[in-house]
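Data first, discussion second: the structure below is written as structure tokens.
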Amino acid sequence: MASPWKPRGTARHDGRARLRPRRAAGDGAHFVEASVTASIELALDQAYSERQLIHVLWLTTGLGCDGESVAMTAATHPSLEDLLRGILPGAPRLVIYNPLLAYETGEEFTAPFRRAAAGGLNPYVLVLEGSVANEEISGEGHWAAMGVDPDDGQPITTSAWIDRLAPRAAAVLAMGTCAAFGGIPAMRGNPTGAMGLRDYLGSDWRSRLGIPIINLPGCPVQPDNITETLLHLAFRIGGVERDLDLDDLGRPRWLCERTVQEGCGRAGFAEQGKFAQTPADRHGCLVKLGCKGPVVKCNVPTRGWVAGVGGCPNVGGICIACTMPGFPDKFMPFMAPSRLGLAAAAGARFTYGPVMRRLRERAIRHHFDVEPGWRRTGKSLGTGYRPRW
Ligand code: SF4
Ligand code: SF4
22 MASPWKPRGT
32 ARHDGRARLR
42 PRRAAGDGAH
52 FVEASVTASI
62 ELALDQAYSE
72 RQLIHVLWLT
82 TGLGCDGESV
92 AMTAATHPSL
102 EDLLRGILPG
112 APRLVIYNPL
122 LAYETGEEFT
132 APFRRAAAGG
142 LNPYVLVLEG
152 SVANEEISGE
162 GHWAAMGVDP
172 DDGQPITTSA
182 WIDRLAPRAA
192 AVLAMGTCAA
202 FGGIPAMRGN
212 PTGAMGLRDY
222 LGSDWRSRLG
232 IPIINLPGCP
242 VQPDNITETL
252 LHLAFRIGGV
262 ERDLDLDDLG
272 RPRWLCERTV
282 QEGCGRAGFA
292 EQGKFAQTPA
302 DRHGCLVKLG
312 CKGPVVKCNV
322 PTRGWVAGVG
332 GCPNVGGICI
342 ACTMPGFPDK
352 FMPFMAPSRL
362 GLAAAAGARF
372 TYGPVMRRLR
382 ERAIRHHFDV
392 EPGWRRTGKS
402 LGTGYRPRW
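Going by my numbering, the sequence shown opens with residue 22, and the numbers climb by one from there.
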């Protein structure tokens with residue numbers, strides 16, 4: 022199959038050179054000319070990008086539970102259907118090879134993976150869901166595999182698929198906390214030596230487009246975070262978007278920079294020293310019930326779960342830190358409040374919290390929750406308006 026992918030800076034761009042302004046914009050006319058040229062270039066980039074087809078090879082045979090594959094079907098902004106139909110302006114169309122979504126089974130399903138490993142599928146994104154088992158300690162068996170090698174009749178382990186597919190991938194995406202950091206299968210005492218994809222390939226690893234491994238944590242990942250990241254990758258590979266903004270751990274910064282508490286609908290209660298006693302309490306911060314929100318990076322409280330609805334602490338669920346590299350060990354037992362959380366709660370509850378609450382309640386009752394006095398009937402105007410003519 023011919024590759025629809027061309028890197029930026031090929032003849033396609035050279036052919037447009039005549040559209041560029043001959044000198045830098047120094048006056049209004051040149052500024053307009055430069056703007057028009059930039060718009061034309063963007064339109065050409067988008068048109069080129071829309072004609073592309075990007076393959077997403079999605080391995081669900083890491084050590085995991087397929088939670089992200091299920092979650093993705095609930096995405097709305099953008100939806101899975103939007104990505105597959107390629108209806109978003111400037112976005113290439115995606116073809117996703119995922120066993121949960123596929124009609125094909127067995128050899129028919131693994132055929133595109135084999136074609137990609139042989140260099141016959143381009144460009145593609147490799148997605149791993151689930152953590153990477155250490156096959157060096159699997160003895161005579163194996164921990165995780167997909168398909169059978171026709172040459173020796175042996176199962177092809179997930180790590181062998183990663184070894185075959187990662188070198189040709191335009192980008193590699195570790196989907197979910199298991200794939201990103203190891204997650205639940207990598208808990209202390211596990212027998213498989215499970216690890217995250219960066220632990221396996223190395224944190225300095227780069228794709229052939231120079232993109233680091235992208236870590237998208239969550240257990241499971243918030244559905245729209247999945248499709249939005251795939252869309253950004255499609256734009257990046259399509260040539261419309263420049264570098265993705267990733268943090269030091271490879272997480273999309275725009276999704277993961279705020280803590281749960283910074284986006285939580287209950288954070289105001291914490292500031293005022295009001296704490297829930299049970300998950301059913303409609304008012305009060307959940308930190309005394311074990312919520313880890315103040316030290317966890319996650320956008321679920323602001324984004325919700327499905328179509329903007331839900332979001333753990335917003336609906337009474339404590340945050341158990343499922344997006345974090347230390348999950349789950351560093352946050353267990355989940356229902357026990359941390360000493361830091363209790364100290365912060367005691368500080369807010371016995372010092373400034375009640376004072377702030379009383380002052381605010383008073384101000385609300387007497388000032389802000391009251392209509393201005395000039396809104397009334399009568400022959401006089403009390404608004405302070407002064408006629409100027
Ligand atoms: S991160 Fe959670 S939802 Fe995703 S595969 Fe692992 S256990 Fe399942
Ligand atoms: S709020 Fe906490 S428990 Fe909920 S998804 Fe985010 S990190 Fe996980």
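Glycine included, every Cβ here is placed at the ideal spot set by N, Cα and C.
- W226 is not bridged by DSSP to any residue.
- By the neighbour-count criterion, in which a residue is buried when 16 or more other Cβ atoms sit within 10 angstroms of its Cβ, S152 is buried.
- Rounded to whole angstroms, N236 and Q175 show a C-alpha spacing of 30 Å.
- Taking the Cα positions, L310 is about 10 Å away from G337.
- G332 has its Cβ nearer than 8 Å to a heavy atom of ligand 2.
- Within the chosen limit of 8 Å, ligand 2 does not reach the beta carbon of G294 with any heavy atom.
- For E249, the enclosing alpha helix (DSSP H) covers residues 244-259.
- Using a Cβ distance threshold of 9 Å, D103 and T248 count as a contacting pair.
- DSSP lists no bridge partner for C285.
- Note that the segment 259-267 does not touch the segment 332-350; fewer than 3 beta-carbon pairs, one per stretch, sit closer than 8 Å.
- Considered as a whole, the segment 165-211 harbours 179-186, 198-202 as its complete alpha helix (DSSP H) runs of no fewer than 4 residues, in chain order.
- Per DSSP, Y145 is one residue of the beta strand (DSSP E) stretching across 145-150.
- For ligand 1, residues qualifying as neighbours are G85, C86, G88, E89, E150, G151, G197, T198, C199, G204, I205, C240, P241, where qualification means a beta carbon closer than 6 Å to at least one of its heavy atoms (chain order).
- Taken from the Cβ of P300, every heavy atom of ligand 2 lies 8 Å or farther away.
- In this structure, M345 has its beta carbon less than 8 Å from a heavy atom of ligand 2.
- Under a 10 Å Cβ-count criterion, F389 is classified as exposed, with fewer than 16 other Cβ atoms of the shown protein chains found around its own Cβ.
- Take V193, set aside five residues on each side of it, and the residues of its chain with a beta-carbon closer than 6 Å to its own are L147, A187, S228, I234, in chain order.
- In this structure, P241 lies away from F202, with their beta-carbon atoms at least 9 Å apart.
- Leaving aside the five residues that flank V317 on each side, the residues in its chain whose CB is nearer than 7 Å to its CB run, in chain order, T280, V281, C340, A342, T344, M345.
- Judged by beta-carbon spacing, E150 lies beyond the 9 Å limit of M208, meaning their Cβ atoms are not closer than that value.
- In the three-state reduction of the DSSP assignment, R135 falls in the helix class.
- Non-local C-beta neighbours of Q293 in its own chain, meaning closer than 8 Å and more than five positions away in sequence, comprise A369, G374, P375, M377, R378, R381, ordered along the chain.
- Its Cα nearest to that of N320, the residue C285 stands out among W395, G399, C285.
- In the DSSP annotation of this structure, the continuous segment of the alpha helix (DSSP H) that includes W275 starts and ends at 274-277.
- Per the coordinates, the alpha-carbon of I158 lies some 7 Å from the alpha-carbon of T213.
- Closest option to Q298, judged by alpha-carbon separation, among R274, V327, A68, P358: P358.
- Apart from sequence neighbours up to five positions away, the residues of its chain that approach A123 with a beta-carbon distance below 7 Å are F130, ordered along the chain.
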